[in-house]
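Participant: Numbering (our numbering), first residue to last: 145 to 217. We put the CB at the ideal spot given by N, CA and C, even for glycine. One structure follows; several queries about it will come next.
Below is the structure:
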């Protein structure tokens, strides 16, 4: 299982469907549901106002993801 922190540059870290996502500010805590060739990912997460939602993030140009940690799961 991979843990991804939202924040800064991912460089060339592989990002896969099913990776868990955590935000430094607590905003997004969810799971990547899709990874696209254009560098965006879909992240399913619980939204306080809307309930569970899927948002698309541009990983490379916006430096959305900070780092990936292999938890060994």
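Excluding five sequence neighbours on each side, which residues of the same chain lie with their C-beta closer than 6 Å to the C-beta of residue 199?
Facilitator: Within the chain shown, the letter at position 55 stands for residue 199. Cβ within range, chain order: 187.
Participant: Determine the DSSP secondary structure at residue 161, reduced to helix, strand or coil.
Facilitator: For the purposes of this step, residue 161 is identified with residue 17 of the chain shown, where counting begins at 1. Reduced to three states, the DSSP call for residue 161 is coil.
Participant: Look at the alpha carbon of residue 185 and the alpha carbon of residue 166, and state the distance between them as a whole number of angstroms.
Facilitator: Reading the chain shown from its first residue, position 41 is the one you call residue 185. Reading the chain shown from its first residue, position 22 is the one you call residue 166. Approximately 14 Å, taken between the alpha carbons.
Participant: Give a yes or no on whether 8 Å exceeds the smallest Cβ distance from residue 186 to chain D.
Facilitator: In the displayed structure, chain D is absent; only one protein chain is listed.
Participant: To the nearest angstrom, how far is the alpha carbon of residue 207 from that of residue 180?
Facilitator: Within the chain shown, numbered from 1, the residue matching residue 207 stands at position 63. Within the chain shown, numbered from 1, the residue matching residue 180 stands at position 36. Note that residue 207 has pLDDT 46, beneath the 50 cutoff, so the model's placement of it is unreliable and no number is given.
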